[in-house]
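Student: Dumping the structure here so I can ask a few things about it.
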Amino acid sequence: MNTQEIQISDYNYELPDERIAKFPKEQRDHSKLLLYRQGEVGEDMFYNLPKYLPKGTLMVMNNTRVIQARLHFRKTNEKGENTGALIEIFLLEPAEPADYEQMFQTTKQCAWLCLVGNLKKWKEGPLTRELRIRNEELRIKATRRGEHGTSQWIDFEWDNASISFAEILDAMGELPIPPYLNRDTQESDLTTYQTVYSKIKGSVAAPTAGLHFTDAVLSELDAHGIEREELTLHVGAGTFRPVKSSTIGEHEMHTEYIAVRRHTIERLIAHDGCAIAVGTTSVRTLESLYYMGLKVLRNPDIKEEDLHVSQWEPYDATLNEKLEMINEKCSAQRSLQALLDWMIRHDLTVLHSSTQIIIAPGYEYHIVKMLITNFHQPQSTLLLLVSAFVKGDWHKIYDYALSHDFRFLSYGDSSLLIP
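The sequence shown runs contiguously to residue 445 in this note's numbering.
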């Protein structure tokens, strides 16, 4: 199969608006759980998930935390009053400093790559806003530096050095719930649109497969002998970008930033390079690790920034040939071991890199053996990922979900997929 020739129209289905969950269940773990096991479909409740997982397996979850990435300013009038056009600045990724952790700790100034709503009304000059944080006054200014690809480079400055940018976001930012919910963000979303294990700030969308987990379910997983590891992939706004081209080969996948601890790679190796992935973001990170390991095997002196996995790299038939393993493909365990050894040589406890990987039919999974995921939009790259995982059997899964009153998308129900 030539993956790049896939017609996105072949991955369409009718999704009535009433099947899109506008709000989550009152109790997270009381969502429905579709069970797909070797072609057989059934259902249960999410709180019973642990009993379907083999003892001793390794579950990997994305611990990213959604930031309040929507910032609203008003243009000033001739008198200097903020009564003009409303401008929305949507933070996409940090520019200066580029590191997420440093960004949220920075004071006085920083820069982000952003989308700007109502851009035509912001032709020149800075935008300003007065804030009160910790009983201290501050004035924040946003200035356009210019275009940067498809986004805008925005410089932020504020006049109180005791206030961090993280505090500014908490004070003036709005949580960016998915556009297909067609409603305003509510106070409840600040809690319900975060996983209970979220830790590392940076996403503009939640890794929604994890929204069903509760402390009780996590305790049950532990009691069932399921081991757990966390990694970080900061979900970008590109996750909502529809595929507008007729074939997948014409679609440009967005880049997302990942952080994986050395300990997590050690645990993956101890489990023969096999894992249960919670969500498509965990899938993309885990599968990217395999190709990063191949890069290390080909070039032991590779730099960390060169470990980035490009969109079509996994489909390059020459990768294994370059390693002189034409008759025996590189195992996940061997690739991960190479990556671990490289980290040890470079004295790295955390791997920081990025991935643009697109997973679609024709892709061969290397690390992920089971997948917990929600139900995705028609004609989306996430639906392609699921189809690749269940070897094209996605229609059976989605037909069952539609005919058995499952709720769809971010706040919808869940599924456990075991091909």
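Built from N, CA and C at the ideal position, the CB exists for glycine as well.
Would DSSP call leucine 428 helix, strand or coil?
Tutor: Correct three-state label for leucine 428: helix.
Student: Could you check whether aspartate 425 and proline 445 sit closer than 9 Å to each other, using their CB atoms as the reference points?
Tutor: Going by C-beta atoms, proline 445 is not nearer than 9 Å to aspartate 425.
Student: Note down, in chain order, each residue of its chain lying with its Cβ closer than 6 Å to the Cβ of serine 229, except the 5 sequence neighbours on either side.
Tutor: Hits under 6 Å: Thr90, Val92, His260 and Val261.
Student: Are the CB atoms of glutamate 69 and leucine 60 within a distance shorter than 9 Å?
Tutor: Yes, they are a contact pair.
Student: How about leucine 294 and leucine 323: are their beta carbons less than 9 Å apart?
Tutor: No. Outside cutoff.
Student: Near aspartate 181, what residues of its chain come up, given a Cβ to Cβ distance below 6 Å and the 5 sequence neighbours on each side ignored?
Tutor: Correct list, in chain order: Ala137, Thr169 and Arg171.
Student: Drop a sphere of 10 angstroms on the beta-carbon of isoleucine 49, count the other beta-carbons inside from all chains shown, and report buried for 16 or more, exposed for fewer.
Tutor: Note that residue 49 corresponds to phenylalanine in the displayed sequence, not to isoleucine. Exposed, by the Cβ-count rule.
Student: Return the CA-CA distance between aspartate 43 and alanine 192, expressed in angstroms with no decimal places.
Tutor: Going by the C-alpha atoms only, they are around 35 Å apart.
Student: How big is the Cα-Cα spacing for asparagine 353 and lysine 417?
Tutor: Low local confidence applies: a pLDDT of 41 at asparagine 353 is under 50, so the model's placement there is unreliable, with the coordinate-based value given in what follows. The alpha-carbon atoms of asparagine 353 and lysine 417 are separated by roughly 24 Å.
Student: By DSSP's criteria, leucine 368 is part of a beta bridge. Which residues make up the other side?
Tutor: Residue identity check: residue 368 is tryptophan in the sequence provided, not leucine. According to DSSP, which records beta bridges pairwise, tryptophan 368 is partnered with nothing at all.
Student: Apart from the five residues just before and just after lysine 395, which ones in its own chain have a Cβ nearer than 6 Å to its Cβ?
Tutor: Result list for lysine 395: Cys300, in chain order.
Student: Take glutamate 31 and list the residues in its own chain whose beta-carbon comes closer than 7 Å to its own, dropping the five residues that flank it on each side.
Tutor: Hits under 7 Å: Thr273 and Gly275.
Student: Please list, in chain order, all residues of the same chain as tryptophan 249 whose beta carbon is under 8 Å from its beta carbon, the five residues on each side excluded.
Tutor: According to the sequence provided, residue 249 is alanine. The question's tryptophan does not apply to it. Only Pro76 meet the Cβ criterion.
Student: Can the beta-carbon of isoleucine 115 be found less than 9 Å from the beta-carbon of leucine 164?
Tutor: No, they are not a contact pair.
Student: Could you tell me which residues DSSP pairs with serine 224 in its beta bridges?
Tutor: Its beta-bridge partners do not exist; DSSP assigns none.
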